[in-house]
């Protein structure tokens with residue numbers, strides 16, 4: 001069965017200016033770098049992109065900047081799910097209006113303890129209000145932030161109600177068992193790993209790819225894993241790439257992850273402005289940044305050795 | 001020490017039309033009923049008001065409808081905190097622009113595990129960006145929805161940084177010990193109970209009042225408790241009122257609370273449209289509604305007896 005969405009997508013970070021407005025030229029450069037490194041596309045405006053700390057107007061501007069940077073609509077997969085449905089509809093319609101048909105959609109995430117019935121109607125209302133056959137929705141399972149796990153009965157009901165629209169899921173909960181259970185239950189559904197270390201086992205189990213934060217640093221290695229995961233002849237090369245991905249991921253996770261990812265992009269690009277985060281996240285301190293830079297040097301030395 | 005904010009405030013529910021747009025005439029009528037029943041004010045657009053399921057444009061319209069219903073700016077205390085800071089600033093500025101100076105403000109609630117440093121900067125940035133000396137902020141502690149408890153060290157830092165602006169807190173976590181600890185540590189700070197059963201003990205401990213959902217049904221009784229809490233001569237009357245409040249609250253909490261509150265308003269007003277909720281919440285089924293009506297009759301019979 002052909003999957004609607006496959007590949008390595010970057011959960012791209014969002015650089016900001018000193019006044020905390022989006023730094024559009026730096027963002028455009030990052031998008032081009034990600035594609036040059038081998039990403040199939042950029043899943044902008046997600047958790048790593050601090051999208052829920054941006055206004056709707058800023059989100060639209062950022063999506064347009066990615067298109068302005070030369071990426072095609074098919075290379076972009078923005079997050080459009082906010083806490084309220086009217087603005088989720090508006091953001092999704094905006095994406096379609098600029099030729100971007102694939103979106104990653106959080107459930108409305110303020111209320112907790114919500115029933116499957118309520119989550120079904122929330123997604124259904126958005127899809128029906130958008131009312132565009134081109135739309136392809138990737139559900140977003142990230143209970144550690146949303147507080148709302150997306151269970152398999154709910155997913156089954158959404159796929160049945162909106163075939164060809166609800167086409168995949170980004171699973172950021174970090175459990176391979178949940179992903180493989182979805183692969184078994186939903187043939188043709190694109191299961192995308194939100195956690196880098198799971199890309200290899202997920203691809204070997206028939207998964208669709210990944211949308212991860214570490215891609216901002218090691219996109220080329222993610223592509224090696226993606227391309228070689230099912231080829232025994234490339235096992236050594238793939239294992240080495242996955243090990244390097246995991247080293248960067250472990251390093252970012254030894255801090256608060258998103259500020260660390262941004263600091264690592266600052267280190268790579270030489271643009272210290274990348275260290276800025278949007279409240280409520282806090283950027284790394286100069287001391288933390290210096291220690292991080294030393295640890296990056298260690299990882300890089302290991303690569304050469 | 002004089003408290004900046006005192007009284008019984010209703011966490012008013014938001015009626016919606018069949019197309020899920022706000023029903024402004026029904027909302028205006030509810031606001032007038034709440035004031036007629038003795039509420040000092042209406043804390044609209046909070047959790048009970050399903051504000052985070054409304055767009056920014058809808059929120060502004062609803063605040064203006066309350067003013068249009070004849071309530072004064074001093075009688076209104078809207079929620080203006082959304083997940084992102086630019087729109088929190090816009091909503092707060094809008095309130096000030098229409099003469100409403102007191103707001104209840106959630107912390108930015110998408111990211112979890114955020115540091116006190118991050119929460120401080122989030123609130124500070126909003127207050128500084130609004131830049132209006134008239135502003136009075138009631139912090140909103142509701143960790144069961146926001147995922148972000150507001151600790152006492154954070155509150156102390158905010159009060160010190162913004163004296164006369166950060167003037168109170170709505171505590172919806174339901175623990176009287178947390179409220180009395182704040183009363184002891186922050187003299188002159190308005191501690192408002194978010195849970196009806198705690199109004200009496202909180203007032204007796206020196207609290208400022210309440211912002212509660214059951215006020216949509218028993219505002220007059222809340223006023224009785226508020227006015228008589230510190231008067232031994234009125235102890236019996238106050239206890240009876242608190243018992244009736246608790247009966248309504250226990251009933252609403254035996255369902256999902258917000259849909260039950262709305263169904264109970266539908267029962268009181270005879271307007272079944274009040275039963276509608278916004279996704280992801282689900283309104284009571286006809287069977288649940290019938291059972292609820294019977295239980296209300298039981299409570300009312302108890303009152304007469």
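Protein chains in written order, with full-length UniProt numbering: chain E, 1 to 305; chain Z, 1 to 305. Note that CB positions come from ideal geometry on N, CA and C, so glycine has one too. Since this is a predicted model, take the numbers as computed values, not measurements.
In this structure, residue 213/Z keeps its C-beta atom at 8 Å or more from the C-beta atom of residue 6/Z.
For the region 110-128 of chain E, residues whose beta-carbon sits nearer than 7 Å to a beta-carbon of chain Z comprise 110, 111, 112, 114, 115, 117, 118, 119, 121, 122, 125. Within the same chain, 150, 169 come within 6 Å of residue 139/Z by CB-CB distance, once the 5 residues on both sides are set aside. At a cut-off of 8 Å between beta carbons, residue 144/E contacts chain Z.
Between the region 99-107 of chain E and the region 127-139 of chain E, the count of C-beta pairs closer than 8 Å reaches three or more; the two stretches touch.
For residue 288/Z, the closest C-alpha among the options 269/Z, 251/Z, 16/Z is that of 251/Z. Counting C-beta pairs closer than 8 Å gives three or more between the region 36-49 of chain E and the region 8-16 of chain E, which meets the contact rule.
For residue 176/E, the closest alpha carbon among the candidates 117/E, 141/E, 259/E, 61/E is that of 141/E.
Closer than 8 Å to the CB of residue 282/Z there is at least one CB belonging to chain E. Shown here, residue 92/Z sits in a helix according to DSSP, grouped into three states. Boundaries cannot be given for residue 82/Z, as no alpha helix (DSSP H) includes it and DSSP labels it neither H nor E. Selection 199/Z, 147/Z, 124/Z, 56/Z evaluated against residue 165/Z yields 124/Z as nearest (Cα-Cα). With a 10 Å radius around the Cβ and a threshold of 16 neighbouring Cβ atoms, residue 17/E comes out exposed. Contacts with chain Z at 8 Å (Cβ-Cβ) do not include residue 95/E.
Residues are counted here when their Cβ sits less than 8 Å from a Cβ of chain E; for the region 69-84 of chain Z these are 82, 83, 84, given in chain order. Secondary structure of residue 262/Z (DSSP, three-state): helix.
Put simply, the CB of residue 164/Z is far from chain E, with every gap to its CB atoms at 8 Å or more.
Using a Cβ distance threshold of 8 Å, residue 39/E and residue 219/E count as a contacting pair.
Within the region 92-137 of chain Z, the complete beta strand (DSSP E) segments at least 3 residues long are 102-105, listed from N- to C-terminus. Exposed is the label assigned to residue 235/Z, since fewer than 16 other Cβ atoms lie within 10 Å of its Cβ. In this structure, residue 86/Z and residue 148/Z do not form a Cβ contact; the two beta carbons are roughly 19 Å apart against a cut-off of 8 Å. Nearest to residue 201/Z by C-alpha distance, out of 128/Z, 230/Z, 190/Z, is 230/Z. For residue 63/Z, same chain residues with a beta-carbon under 6 Å away, outside a window of 5 residues either side, are 78 in chain order. Chain-order list of chain E residues neighbouring residue 24/Z: empty, with the shortest C-beta distance near 16 Å, by a criterion of under 8 Å.
In this model, residue 33/E and residue 255/E are separated by some 24 Å (Cα to Cα). A straight line joining the alpha-carbon of residue 75/E with that of residue 242/Z spans about 60 Å.
With a threshold of 8 Å between beta carbons, residue 147/E makes contact with chain Z. Taking the beta carbon of residue 87/E as reference, the chain Z residues within 7 Å of it are 55, listed in sequence order.
Assigned with DSSP and collapsed to three states, residue 142/E falls in coil, not helix or strand. DSSP, read as helix, strand or coil, puts residue 149/E in coil. Contact note: residue 107/E reaches chain Z through 280, using a C-beta cutoff of 8 Å and chain order.
Between residue 190/E and residue 184/E, the alpha-carbon positions lie close to 12 Å from each other.
Looking only at 91/E, 281/E, 270/E, 19/E, the smallest Cα-Cα distance to residue 116/Z is reached by 281/E. In the DSSP assignment, residue 169/E forms a beta bridge with 139/E, 191/E. Contact annotation for residue 52/Z against chain E: 83, 84, 110 [CB-CB distance below 7 Å, chain order]. If you check the CB distance, residue 129/E and residue 110/E do not come in under 8 Å.
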